[in-house]
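These protein sequence lines are chains A and B, in that order.
Be aware that the first sequence starts at 1, since it is given in my numbering, and climbs by one per residue.
Be aware that the second sequence starts at 1, since it is given in my numbering, and climbs by one per residue.
All C-beta atoms, glycine included, are put in the ideal place defined by N, C-alpha and C.
Nothing here was measured: the structure is a model prediction, and the numbers come from that model.
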Amino acid sequence: MSAFARALSAELAHLRGCRWDLAMLTLMPAALLFAMGAMLFGGVARELPIAVVDHDATSASRAIVRAVDASPAVRIVSVGGDLPDAMTLVRREQAWAIVEIPRGVGRGVARGTAPAIHIRYQASFLSTGTQAVRGISSAVTAASTELVAAQLSAHGLPPLRVTPLTVQVTALYNAATSFEWYLLSLINPAVLHLLTACVTVMALGRELRDKSLSAWARASGGVAGAVFGKLLPYVAAMSLWGVAWLLYLTLARGWRVEGSIALIVAGQSLFYLGTACISALLVAVTRETSTGLSASAVYAGSALAFSGATLPLDGGSGFARIVSAILPLTHYLALQMGQFVGDAAGSAVGPILALLAYVAIAGGGAVLLIARSARSAA
Amino acid sequence: MSFREAFEETWRTVLTSRTLASTMLLAVVLYAFYYPAPYAHEATQSVPVLVVDQEDSGLTREVLRNLAATREVRIVASVADMPSATARMRAGEADGIILMSRGVTRSLLTGAPGGGVGVWVKAAYLLRASAIGEGVSAAIAGAAENRLGSAARALGLRTPVRVIQEPLFNTGAGYKDYIFPAVASVILQQTLLFGVATFVAGRRERGDPPMRRAAFLGAWAAMTLLGVFAAFFYFGFIFWLQDVPRGGNIPALLVTVPCFAAAVAALGLFLGGLFDRSERAMAVLVPTSVPLFFLTGSAWPLEQMPSWLAALAHLAPSTLAVHIFVPLNQMGAGLNDVAADAIALAAEALVYGALAAWLLTRSSRSARAA
Numbered sequence: 001m002s003a004f005a006r007a008l009s010a011e012l013a014h015l016r017g018c019r020w021d022l023a024m025l026t027l028m029p030a031a032l033l034f035a036m037g038a039m040l041f042g043g044v045a046r047e048l049p050i051a052v053v054d055h056d057a058t059s060a061s062r063a064i065v066r067a068v069d070a071s072p073a074v075r076i077v078s079v080g081g082d083l084p085d086a087m088t089l090v091r092r093e094q095a096w097a098i099v100e101i102p103r104g105v106g107r108g109v110a111r112g113t114a115p116a117i118h119i120r121y122q123a124s125f126l127s128t129g130t131q132a133v134r135g136i137s138s139a140v141t142a143a144s145t146e147l148v149a150a151q152l153s154a155h156g157l158p159p160l161r162v163t164p165l166t167v168q169v170t171a172l173y174n175a176a177t178s179f180e181w182y183l184l185s186l187i188n189p190a191v192l193h194l195l196t197a198c199v200t201v202m203a204l205g206r207e208l209r210d211k212s213l214s215a216w217a218r219a220s221g222g223v224a225g226a227v228f229g230k231l232l233p234y235v236a237a238m239s240l241w242g243v244a245w246l247l248y249l250t251l252a253r254g255w256r257v258e259g260s261i262a263l264i265v266a267g268q269s270l271f272y273l274g275t276a277c278i279s280a281l282l283v284a285v286t287r288e289t290s291t292g293l294s295a296s297a298v299y300a301g302s303a304l305a306f307s308g309a310t311l312p313l314d315g316g317s318g319f320a321r322i323v324s325a326i327l328p329l330t331h332y333l334a335l336q337m338g339q340f341v342g343d344a345a346g347s348a349v350g351p352i353l354a355l356l357a358y359v360a361i362a363g364g365g366a367v368l369l370i371a372r373s374a375r376s377a378a
Numbered sequence: 001m002s003f004r005e006a007f008e009e010t011w012r013t014v015l016t017s018r019t020l021a022s023t024m025l026l027a028v029v030l031y032a033f034y035y036p037a038p039y040a041h042e043a044t045q046s047v048p049v050l051v052v053d054q055e056d057s058g059l060t061r062e063v064l065r066n067l068a069a070t071r072e073v074r075i076v077a078s079v080a081d082m083p084s085a086t087a088r089m090r091a092g093e094a095d096g097i098i099l100m101s102r103g104v105t106r107s108l109l110t111g112a113p114g115g116g117v118g119v120w121v122k123a124a125y126l127l128r129a130s131a132i133g134e135g136v137s138a139a140i141a142g143a144a145e146n147r148l149g150s151a152a153r154a155l156g157l158r159t160p161v162r163v164i165q166e167p168l169f170n171t172g173a174g175y176k177d178y179i180f181p182a183v184a185s186v187i188l189q190q191t192l193l194f195g196v197a198t199f200v201a202g203r204r205e206r207g208d209p210p211m212r213r214a215a216f217l218g219a220w221a222a223m224t225l226l227g228v229f230a231a232f233f234y235f236g237f238i239f240w241l242q243d244v245p246r247g248g249n250i251p252a253l254l255v256t257v258p259c260f261a262a263a264v265a266a267l268g269l270f271l272g273g274l275f276d277r278s279e280r281a282m283a284v285l286v287p288t289s290v291p292l293f294f295l296t297g298s299a300w301p302l303e304q305m306p307s308w309l310a311a312l313a314h315l316a317p318s319t320l321a322v323h324i325f326v327p328l329n330q331m332g333a334g335l336n337d338v339a340a341d342a343i344a345l346a347a348e349a350l351v352y353g354a355l356a357a358w359l360l361t362r363s364s365r366s367a368r369a370a
């Protein structure tokens, strides 16, 4: 039997016997992916609670309030005349935004003053605050436009078009601007990446004897074969979870991958293999499971922040851009998101080469280090 | 072992064990600088877009000049027609296309239909897409106001009704100022949790005898104090150094931070008592970090999650902590504003503490009875 086959069957036998390690490949990914899927099931925020401060209290201001309330994104939980009260609601996270309508909004237009409607929003939770403000501002703009038109004609003035230009924004590949499609696309690969990193550090770390892999390497009959045979069950399991997640997104939730699903599936397996190779290198270098796990927590745990997939790194510091380019998640997400939106297959070449580099450099480095320690110990 | 001996022994172990010191002390310092780095520039900048200007008039050139001056977008190229723009976007050159159709000036000045501005964005990257939308709206509003200005001024009107958006607390609507204060609670929880669970699992792996009650309380107090130090290091020093918004409600923090640290330390003692090996603690807990951050409701609000999931999310002290410490540290909230979550956190400290005490001292009582 080759070293690869021997290591593979030894690892499978271990997994059959060790409930903890088996659970990390089955229950754990199932629970984490399920939780994230359930979390974003809604996809588009609805009925976010907001407060209204109406200093005007005329039919004009009430028209604006009605328009805001009709917006599906928000729901008015308080209408009052006092801004500090509304601010308390925001501080208590009972309202995401405050619409403040000034006195005289109904008369201001004809008098030549420009009344200002303030939308104050929760920016400490920027993501949700922004969603609330979008829902409100389109409603307020539409309502005040109508208001102005009505007033001008009431004063015998010629109608003035206040929204003279139509700007038609088309959201391609995510027409509903859904957070489900946007965030699940990013979170789940990041979760599986971190899981892969941890389980593979544990797998190789289990073979450390007196801070050395040399005993295991000598018994293996071939370091390269043994390392890849050992890692294969983990890479395969995570790849299968990745496929299950893609099937959930597309078949169960109806999202559409415009490009090649095959490329994404292949890229995903390559990504998890690269991650496993980095773990092998970490164990070979640090010769301590716990340090390998700490290093994985740092690099894989924050990889999503550095990927540029949420906040783009154009304009970021050189340090952030370099770290981003070093981390494998950045390259996998570039490949995946490109294929999600139907970029040409050619645009996937760069990310695939980058992912191959982790296998070659980290995997190769790990094999060399382990082989050398086995020789020097012999 | 007395309370005091156990307290001192725990501190000694943490300070002398390389694994514990690096997870509980070094990592806390490292994350304070590493995690904010990709958000340090605060806002979406220079999202690449392609422009198709079919009209090429004074107005459209003004819009494009405005657009080039906005922070949000970067014009990669001006392209002759839509098919080639689409092809270049598909090749990955840009995240959006802005089309100024023929007749856009006429539409602006006379209201005639037919002219307009079309924007196509790859909305799979939601944040980039909205940056493009905002950049284009601002550029067009500026140009349109210039053009319409004379007509409107003749009527004694400038902008009929202004809508002013004002970000609260994080007044620059900055990304680091939003993410880092929230993620800080997750970092503080996870580093303490990893350390405590590793410490306890290591005891079990070595076959140490079960703890006496005083020893358990001493270890819990020592770990809690470590967590308190780490939290104040973040809330006091790192938040100032990273210059995130600071509300500075110190009295309220003096009450809530110990509850948080005690809850996390107790959870770590309990979970650590379940693991078979010391490494298992990190191997199991590290992968939960990313989901735990999202379950705090910082990116997607808790109220929009299924209620059973939101309830489960509250079992993690980090979720309660975000909704206590962000209001106290960033929004200038008072203790009464976060009272419900603070009480829940104190209750978690008690429940997890009781569970951990039961698990870790259990066989010592049965051993004595035997």
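Residues that residue i contacts on chain B, provided the C-beta gap is smaller than 8 Å
i      : result
F306/A : A37 and P38
P72/A  : None at all; the shortest Cβ gap to chain B is about 13 Å.
Y121/A : Q165, E166, P167 and L168
Beta-bridge pairing of residue i - partner residues as DSSP gives them
i      : result
A116/A : R162/B
Q122/A : L168/B
K211/A : Note: K211/A sits in no beta bridge, so no partner.
G118/B : Q168/A and L99/B
I50/A  : I76/A
R74/B  : P48/B
Alpha carbon of residue i to alpha carbon of residue j, nearest angstrom
i      : j      : result
V285/A : I140/B : 56 Å
Q339/A : A230/B : 42 Å
E258/A : L186/A : 17 Å
A346/B : V244/B : 27 Å
A87/B  : D81/B  : 10 Å
S212/A : H14/A  : 20 Å
R158/B : A349/B : Per-residue confidence for R158/B stands at a pLDDT of 44, beneath the threshold of 50, marking its modelled position as unreliable; the derived number appears in the next sentence. Roughly 59 Å separates the two Cα atoms.
G37/A  : G118/B : 33 Å
L293/A : C198/A : 6 Å
T163/A : T145/A : Confidence in T163/A is poor, its pLDDT being 48 and thus under 50, which makes the residue's placement too unreliable to answer from.
A57/A  : A51/A  : 15 Å
P189/A : S178/A : 18 Å
R106/B : L64/B  : 17 Å
L89/A  : A95/A  : 5 Å
H314/B : A97/A  : 24 Å
A154/B : W120/B : Because the pLDDT of A154/B is 49, which lies under 50, any placement of that residue in the model is unreliable, and the number read from its coordinates should be weighed accordingly. Near 36 Å, if we compare the C-alpha coordinates of W120/B and A154/B.
G156/B : S347/A : Its pLDDT being 43, under 50, G156/B is placed unreliably in this model, and the value from its coordinates should be taken loosely. Roughly 54 Å between the two C-alpha positions.
L226/B : D343/A : 50 Å
Chain-ordered chain C contacts of residue i [CB-CB under 8 Å]
i      : result
E279/B : Any reference to chain C falls outside this structure, whose protein chains are A and B.
Cross-chain neighbours of residue i in chain A, by beta carbon under 8 Å
i      : result
V29/B  : In chain order: nothing, as chain A lies at least about 12 Å away.
V121/B : V169, T170, A171 and L172
F294/B : M36, M39, L183 and I187
P276/B : A small correction: the amino acid at residue 276/B is Asp; Pro does not occupy that position in the sequence shown. Those are W20, listed as they occur along chain A.
Chain-ordered chain B contacts of residue i [CB-CB under 7 Å]
i      : result
C198/A : A283, V286 and P287
T128/A : P301
V90/A  : L168
Partners in chain B for residue i, counting only beta-carbon separations shorter than 9 Å
i      : result
A38/A  : M305, P306, W308 and L309
S320/A : Note on residue identity: the sequence assigns Ala, not Ser, to residue 320/A. The answer, in chain order, is A37, P38, Y39, A40 and H41.
S324/A : P38
Endpoints, the alpha helix (DSSP H) within which residue i is located
i      : result
P29/A  : L27 to M39
G297/B : Per DSSP, G297/B belongs to no alpha helix (DSSP H) and is neither H nor E.
L335/B : Looking at the DSSP string, L335/B is not in any alpha helix (DSSP H), and its letter there is neither H nor E.
R61/B  : G58 to A69
V322/B : P317 to Q330
Bounding residues of the beta strand (DSSP E) (the contiguous stretch that carries residue i)
i      : result
V74/A  : V74 to G80
V49/B  : V47 to D53
I101/A : A97 to I101
Under 7 Å from the C-beta of residue i: neighbouring residues of chain A
i      : result
V255/B : None at all; the shortest Cβ gap to chain A is about 17 Å.
R90/B  : G342, D343 and A344
beta-carbon residue i near the ligand ATP non-hydrogen atom, thresh 8 Å
i      : result
E100/A : Ligands are entirely absent from the displayed structure, and the ligand ATP is therefore not among its contents.
Closer than 8 Å, Cβ to Cβ, to anything on chain B: give me those residues from the region 239-258 of chain A, in chain order. none
Relative to chain A, which residues along the region 220-248 of chain B have a C-beta separation below 9 Å, given in chain order? P245
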